[in-house]
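Q:
Residue numbers (the UniProt record's numbering): 1 to 304.
(1) How about residue 138 and residue 165: do their beta carbons lie closer than 7 Å?
(2) Checking 7 Å against the spacing of the C-beta atoms, do residue 53 and residue 67 come in under that value?
(3) Can you give me the Cβ contacts of residue 222 inside the same chain, cut-off strictly under 8 Å, excluding the 5 residues immediately before and after it?
(4) Within the same chain, show all residues whose beta-carbon is closer than 8 Å to that of residue 10, passing over the 5 residues directly before and after it, in chain order.
(5) Specify whether the stretch 247-258 and the stretch 272-286 touch according to this definition: at least 3 beta carbon pairs, one from each stretch, less than 8 Å apart.
(6) I'd like the span of the alpha helix (DSSP H) that includes residue 56, first residue to last.
(7) Might you give, ordered along the chain, the residues of its own chain that have their beta carbon closer than 6 Å to the beta carbon of residue 216, omitting 5 neighbours on each side?
(8) Check each candidate in 133, 35, 175, 219 and name the one with the smallest Cα separation from residue 91.
(9) Helix or strand or just coil, what does DSSP make of residue 119?
(10) CB-CB under 7 Å to residue 192, same chain, minus the five flanking residues each way: which ones, in chain order?
(11) Starting from residue 289 and walking both ways along the alpha helix (DSSP H), at which residues does that stretch end?
(12) Can you give the beta carbon distance from residue 152 to residue 103, rounded, assuming they're within the 8 Å contact cut?
(13) How far does the alpha helix (DSSP H) with residue 160 in it extend, from its first residue to its last?
(14) Across the stretch 73-93 and the stretch 108-125, are there enough close Cβ pairs to call them in contact, namely three or more that are closer than 8 Å?
(15) Tell me the start and end of each unbroken alpha helix (DSSP H) in the stretch 234-270 that is at least 4 residues and wholly inside, in chain order.
(16) Under the three-state reduction of DSSP, which class applies to residue 97: helix, strand or coil?
(17) Output the boundary residues of the alpha helix (DSSP H) element that contains residue 11.
(18) Excluding the 5 residues flanking residue 218 on each side, which residues of the same chain have their C-beta closer than 6 Å to its C-beta?
(19) How long is the line joining the alpha carbons of residue 172 and residue 289, rounded to whole angstroms?
(20) What's the C-alpha gap between residue 238 and residue 131?
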């Protein structure tokens with residue numbers, strides 16, 4: 001990030017958070033939040049991602065920063081949506097072996113919102129063989145391990161062993177990078193860096209060296225393909241991993257992100273705006289990732 005780019009990057013974050021604030025009603029949990037046939041991906045997932053991003057923004061910005069104030073307000077909103085944590089306890093009783101409540105809770109716990117009764121109930125389940133032996137893809141398993149650490153539960157498993165079974169942890173041939181691998185590698189980095197909140201350690205040196213070589217061409221390829229959501233995740237990786245060179249991000253990356261962000265602050269997942277009937281579904285994640293990556297990047301250098 002150059003001094004000239006800093007205001008533009010900060011404006012991306014400001015506009016994206018303003019969009020999320022204006023659309024907070026779309027993040028609210030509906031009456032089906034506890035239903036057995038409820039759509040988790042359209043209820044808990046957006047709310048959890050809102051909390052995750054805002055927890056990182058508040059950690060990486062000073063209290064007097066307007067970005068911090070907006071993110072803190074959205075965090076408080078997310079916590080209220082969970083009934084100040086009561087819904088997590090109800091979910092745990094309804095679906096004791098589901099991991100998504102723990103992952104959403106961990107995002108809020110990282111910002112200081114805690115529900116001791118839920119943590120105690122989850123810790124009990126986490127000691128069972130059923131929880132320990134739940135089958136998951138390695139990247140998801142690493143995420144659950146790290147979520148458990150933040151929420152006070154413990155799974156007797158080596159995070160290093162799980163890491164080395166992920167796509168990024170195995171240091172694959174760089175030409176095997178594609179969309180699913182891209183999302184897998186970004187989430188491995190997010191789990192290792194506590195979603196950008198840990199500014200030192202976390203990412204092993206061999207992974208840092210690998211990313212230093214290959215993150216720039218991967219990001220450039222995604223920019224050319226107009227895959228804005230994945231681009232923002234890769235930009236967040238660049239801002240999260242200590243030791244990456246200054247040229248890890250193409251010089252025009254933020255200019256291209258800013259150009260596709262509309263006047264409301266929204267960013268489409270890919271290409272242009274897409275189906276108006278699914279506006280929120282096609283914009284919320286990429287817009288949150290734009291806020292996340294921009295806030296982390298702005299926080300790397302001098303105050304802007």
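Cβ atoms here follow ideal geometry from the backbone N, Cα and C, with glycine treated the same way. Fair warning: this is a prediction, and the values are worked out from it, not measured in the lab.
A: Well, looking at it:
(1) Translated into positions along the chain shown, residue 138 becomes position 138. Translated into positions along the chain shown, residue 165 becomes position 165. It is a contact, given that the beta carbons lie within the stated cut-off.
(2) On the chain shown, position 53 is the one that residue 53 refers to. On the chain shown, position 67 is the one that residue 67 refers to. Result no, Cβ atoms of residue 53 and residue 67 do not sit closer than 7 Å.
(3) The residue given as residue 222 occupies position 222 in the chain shown. Same-chain partners within the cutoff: 182, 230, 231, 234.
(4) Taking the first residue of the chain shown as 1, we reach residue 10 at position 10. Cβ neighbours of residue 10 beyond the five flanking positions: 67, 294, 298, 304.
(5) no
(6) Working through the chain shown from its first residue, we reach residue 56 at position 56. 44-60 is the span of the alpha helix (DSSP H), which, as asked, contains residue 56.
(7) Against the chain shown, residue 216 aligns to sequence position 216. Around residue 216: 248.
(8) One-based indexing of the chain shown puts residue 91 at position 91. The candidate whose alpha carbon is nearest that of residue 91 is 35.
(9) Taking the first residue of the chain shown as 1, we reach residue 119 at position 119. Three-state result, residue 119: helix.
(10) In the chain shown, counting from the first residue as 1, residue 192 sits at position 192. So the qualifying residues of the chain are 202, 203.
(11) Along the chain shown, read from residue 1 onward, the residue named residue 289 stands at position 289. Unbroken alpha helix (DSSP H) run through residue 289: 279-298.
(12) Within the chain shown, the letter at position 152 stands for residue 152. Within the chain shown, the letter at position 103 stands for residue 103. About 14 Å; that fails the 8 Å criterion.
(13) Position 160 of the chain shown holds residue 160. It spans 159-163 - the alpha helix (DSSP H) in which residue 160 sits, taken as one unbroken run.
(14) yes
(15) 253-260
(16) As a first step, residue 97 must be located in the chain shown, where it is residue number 97. Residue 97 falls in the coil class under three-state DSSP.
(17) Reading the chain shown from its first residue, position 11 is the one you call residue 11. Note, residue 11: alpha helix (DSSP H), 6-22.
(18) Locating residue 218 in the chain shown gives position 218, where the first residue counts as 1. The answer, listed in chain order, is 177.
(19) Along the chain shown, one-based indexing puts residue 172 at 172. Along the chain shown, one-based indexing puts residue 289 at 289. Roughly 25 Å between the two C-alpha positions.
(20) Against the chain shown, residue 238 aligns to sequence position 238. Against the chain shown, residue 131 aligns to sequence position 131. If I take the Cα positions, the gap works out to 34 Å.
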